[in-house]
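Quick notes on the structure that follows.
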Amino acid sequence: MQFDQMRRREFITLLGGAAVTWPLAARAQQPAMPVIGFLDSRSPDAVAGRLRAFRQGLKEASYVEGENLAIVYRWAENELDRLPELAADLVRRQVAVIVPVAASSIFAAKAATTTIPIVFITGDGPVSIGLVASLARPGGNLTGIGIFTTELAAKRLELLRELLPTAARVAVLVNPANAATTEATLREVEPAARTMGLQIQVFNANTSREIDAAFESMERERADALFVASTPFLNARAVQLTQLANFHRLPAIYGLREFAEVGGLMSYGANVADAWRQASVYTGRILKGAKPADLPVVQASKFELVINAPTARMLGLTVPDKLLVAADELID
Numbered sequence: 106m107q108f109d110q111m112r113r114r115e116f117i118t119l120l121g122g123a124a125v126t127w128p129l130a131a132r133a134q135q136p137a138m139p140v141i142g143f144l145d146s147r148s149p150d151a152v153a154g155r156l157r158a159f160r161q162g163l164k165e166a167s168y169v170e171g172e173n174l175a176i177v178y179r180w181a182e183n184e185l186d187r188l189p190e191l192a193a194d195l196v197r198r199q200v201a202v203i204v205p206v207a208a209s210s211i212f213a214a215k216a217a218t219t220t221i222p223i224v225f226i227t228g229d230g231p232v233s234i235g236l237v238a239s240l241a242r243p244g245g246n247l248t249g250i251g252i253f254t255t256e257l258a259a260k261r262l263e264l265l266r267e268l269l270p271t272a273a274r275v276a277v278l279v280n281p282a283n284a285a286t287t288e289a290t291l292r293e294v295e296p297a298a299r300t301m302g303l304q305i306q307v308f309n310a311n312t313s314r315e316i317d318a319a320f321e322s323m324e325r326e327r328a329d330a331l332f333v334a335s336t337p338f339l340n341a342r343a344v345q346l347t348q349l350a351n352f353h354r355l356p357a358i359y360g361l362r363e364f365a366e367v368g369g370l371m372s373y374g375a376n377v378a379d380a381w382r383q384a385s386v387y388t389g390r391i392l393k394g395a396k397p398a399d400l401p402v403v404q405a406s407k408f409e410l411v412i413n414a415p416t417a418r419m420l421g422l423t424v425p426d427k428l429l430v431a432a433d434e435l436i437d
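Note that our numbering has the sequence shown beginning at 106, numbered continuously upward.
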């Protein structure tokens, strides 16, 4: 009996030890949670809605932040000179994919690594600014989403002319710190303006104070209308820009719907939230083994014209029926 009791105790001890060891071994065999790096020149508050769309796209690709995916966010807070070090930090962390937004962030990521996959979101032509060899075959470690920001510049000028057929002088506000976007925008706007018989004058702004000064200059120059280029810095100043344009009674067109939502007269451009969702779907594909070189650059497919009717009335403008019919949304 004593022998049987000893064997029974040994068995129970062995079973208890296995109960502790087996789960630990199972956990040890689970794959590590993938980590992606997100790089943006702005602050998280400026893109909160788009981040929700980005996470939705990840969910569509079966990835949920905090459950089976980690995201390391790096924000430059509009200090572009910080971007190279922020990109280098993501490389040191050996993230699985880097997702940079807009040209300045993308070039910083591109300079930091030639091996980590990069899924970009850009408003500039990816081929024209040298990000990829071609849209169909990007090559290298980059692919992503193009949202036609600069390619639609001529169309935005045309819409502004339809709203203001008697306009002769158009102010064009650009951000000189974002040289690639500024050059691409002017390449589109200048010939389009000549075709329409419009005179344009370019104004630079790289700080809030310079924006104020630019509007004072526009008033002195008696501009009839305003065209605002789409760059991360200017987009982050939507409230300031729309308030100043309305204060100076300057009809303006912008590239993002957020401007119209905060009181801007009119916007035309890609549905940026949907583009961010598409970028995260691509990110998910790369996490599952796809190579950036094999994924064609996707062009945004949803575009929207948004008109703010109260602002039009405040400026004393009658929106032509043609624009009212074309508008995807009329804010009233």
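Glycine included, each C-beta is placed from N, C-alpha and C at the ideal position.
query                                                                                                : result
Local Cβ density within 10 Å of residue 174, reported as buried at 16 or more and exposed below that : buried
DSSP-derived helix/strand/coil call for residue 147                                                  : coil
Residue 129 (DSSP reduced to helix, strand or coil)                                                  : Caution applies to residue 129, whose pLDDT of 47 falls short of 50 and renders its modelled position unreliable; the model cannot decide the point.
CB-CB length for residue 356 against residue 410, believed under 8 Å                                 : With a Cβ gap of about 15 Å, residue 356 and residue 410 do not count as contacting.
Within-7 Å CB hit, residue 294 to chain D                                                            : Any reference to chain D falls outside this structure, which holds one protein chain only.
Buried/exposed call for residue 323, threshold 16 Cβ in 10 Å                                         : buried
Sub-7 Å separation of residue 71 and residue 202 beta-carbons                                        : Beyond the ends of the chain as shown, which are 106 and 437, falls residue 71; an answer cannot be given.
Beta-carbon proximity list for residue 152, same chain, < 7 Å, skipping 5 on both sides              : 145
Rounded C-alpha distance that separates residue 271 from residue 362                                 : 25 Å
Sheet register partners of residue 180 (DSSP bridge)                                                 : 145
Residue 134 in three-state terms, based on DSSP                                                      : Bear in mind that a pLDDT of 49 at residue 134, under 50, signals an unreliable position, so the model cannot answer this.
Three-state secondary structure (DSSP) of residue 284                                                : helix
One or two residues paired with residue 372 in a DSSP bridge                                         : 359 and 411
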